[in-house]
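Using my numbering, the first residue of the sequence shown is number 272, and each one after it goes up by one. Yeah, the Cβ is synthetic: ideal placement off N, Cα and C, and Gly gets one too. Just so we're clear, the structure is a prediction, and the values are computed from it rather than from any experiment. Read the structure below first, then the notes.
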Amino acid sequence: MDWLANEMLPSMQNVRRIDPEGSPVFVTQVTRHRLPLLAGLEPLLLEVIAELRVEFGMRVFAHVILPDHLHLIVHGSSDFGAFIQSLKLRMVRRHGLQNLWQRRFYDHVIRNEDDLRRHLDYVHYNPVKHGLTARPEDYPYTSFRRYQALAWYLPGWGHVPPVGVSTMELE
C-alpha cells in the first residue's frame, strides 16, 4: 500500500474548473448477490488497484473495500469503465473465483467541491455505516487515515453519522 502515501490528493480548487468529462468519478462495484466474497481478498484487491492505476494512468483519490463491495474515487483516464472491467477480470484470474462481481457498476461524475467532499465522506464513513467498525480510523482497507493525517478530517470525525452522508444511497 506504499502507493497510497504517494497518491496525489484531489485539489478542491481544480475540481470546480474542469469539465465533467475530465472530472473525478465515484465508482461502486458490488460482489455477486452482495455476498461477502471480498473478505480476506482486500490485500490482493489493493495490489490489483495499484497495478491498474499505473497501467491506466489513474489517480485513486479515495478507496474503501468492504466484504461485499468497494468504492473508489478515481481520476485520470477517460475510460474508467475499462479500468473497472480490468480490475474485475484481474481479480477473478488471480483469485480463481468465477462470478465474483455483479456485471454492472455504479458511477457518478464529481461535479464540484461540495460533491467531492460528500463523496469522500461517504467513502470514509462506509465501514461504520455497515457496522464493520465503530470508528473510520480503525478500518484497515480505506484511505481515511491518509486524509486524517493531512487534516481533512479532525479527530473524532465519523464517530457519529456525518451530516448528509447517512441519507446518501450509492450502493
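Of all alpha-carbon atoms in I320, D339, V436 and T413, the one lying nearest the alpha-carbon of Q373 is that of D339.
Within the region 367-426, the alpha helix (DSSP H) runs of at least 4 residues that lie entirely inside it are, in chain order, 384-400 and 415-420.
Within a 10 Å sphere around the beta-carbon of D392 sit 16 or more other beta-carbons, which makes this residue buried. Annotated as proximal: G347 and R330, with beta-carbon spacing under 7 angstroms. Under the three-state reduction of DSSP, L315 is assigned to helix. In the three-state scheme derived from DSSP, where H, G and I count as helix and E and B as strand, V363 is classed as helix. By a beta-carbon distance limit of 8 angstroms, F354 does not contact F332. Their separation comes to about 13 angstroms. With 16 or more other Cβ atoms from the protein chains shown falling within 10 Å of its own Cβ, R324 counts as buried. Under the three-state reduction of DSSP, H304 is assigned to helix. Ranked by Cα distance from V431, the first of I381, R417 and E408 is E408. Annotation for T404: P398 and Y410 place their beta carbon closer than 7 angstroms to its own, counting only its chain and skipping 5 residues before and after. A straight-line Cα-Cα distance of about 17 angstroms links V296 and T413.
A333 sits in a strand when the DSSP states are folded into three classes. In terms of Cβ geometry, L337 and H401 form a close pair [threshold 7 angstroms].
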